[in-house]
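Okay, structure first, notes after.
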Amino acid sequence: MTDALDTAENAQGLAGGVGVAMSHRYAVLIDNVKYHFGDWAKVSGLTVRWEPIKYRVGGQGNQVRLFPGLTEYQPIKLSRAAGPYSRVVQHWLAQTAKKPQPQSGTIQLVDFAGTPLVQWRLNEFFPIAWTVEDFGAEGGRPAIETLELAHHGFLDDDLSMLSPI
0 MTDALDTAEN AQGLAGGVGV AMSHRYAVLI DNVKYHFGDW AKVSGLTVRW EPIKYRVGGQ
60 GNQVRLFPGL TEYQPIKLSR AAGPYSRVVQ HWLAQTAKKP QPQSGTIQLV DFAGTPLVQW
120 RLNEFFPIAW TVEDFGAEGG RPAIETLELA HHGFLDDDLS MLSPI
């Protein structure tokens, strides 16, 4: 057992003493303490894009300037084996269906000891899909649940505080 722990500690220290983000465990923390979604095995969709805006300069030539357009975030997909925390997610989905209320929270990439290494703050998210894969007796695999969230972003790019009044 100590050899496995030593190996995990060595894997975490590959970057010269800086924790390496091993992408195998994520904690999802919701600001509303009523809903703690627990740990997840897979997170996808942490993507942000800017569609370039083209501006053609008048005059001679065919010069085009590019500027960053609006920020666009992709939906986040969380996946894990269905278990006790699935009931918390189901309760949140039922409450959201009755009275939609966007939530905010954090996705944390955690190390083997549960210490957060990297985190992404999701602003005003809400569910857009929840699935549990088909059940079958063959194979002996756990049922995987997937929660998909739309959100208003995870970059700290709100400049409204800096705007003159």
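So that you can map any letter, position 94 of the sequence shown is 93 in numbering that gives the first Met the number 0, and since no number is skipped, the others follow by simple counting. Glycine is no exception: its CB is placed at the ideal position from the N, C-alpha and C atoms.
Check your understanding: Can His151 and Glu123 be called in contact, C-beta distance under 7 Å?
Key -> yes
Point to revise | Counted within 10 angstroms of its Cβ, other Cβ atoms place Gly138 as buried (16 or more) or exposed | key: exposed
Check your understanding: Taking just the CA atoms, how far does Leu116 sit from Val17?
Key -> Unreliable positioning characterises Val17 in this predicted model, as indicated by a pLDDT of 49, which lies under 50. A coordinate reading is not provided.
Point to revise | Val63 in three-state terms, based on DSSP | key: strand
Exercise for review: Ignoring anything shorter than 3 residues or poking outside the stretch 58-104, list the beta strand (DSSP E) runs there in chain order.
Suggested key: 63-72 and 75-80
Point to revise | Whole runs of the beta strand (DSSP E) within the stretch 108-139, excluding any shorter than 3 residues | key: 115-131
**Study point:** Nearest to Gln62 (by Cα), restricted to the options Lys53, Lys98, Val109 and Ile143
**Key:** Lys53
**Study point:** CB of Leu121 within 7 Å of CB of Gly104, strictly
**Key:** yes
Practice item. Mind reading off the beta-carbon distance from Ile143 to Ala96? Whole number of angstroms is fine, and I expect it under 8 Å. Key: With 8 Å as the limit, Ile143 and Ala96 do not qualify as a contact, their Cβ atoms being about 22 Å apart.
**Study point:** DSSP state of Phe153 mapped onto helix, strand, coil
**Key:** coil
Practice item. Report all residues from its chain with a CB closer than 6 Å to the CB of Lys41; omit the five preceding and five following residues, and keep chain order. Key: Ser78
Review point. In three-state DSSP terms, what is Pro51?
Key: strand
Review point. For Val32, which three-state DSSP category applies?
Key: coil
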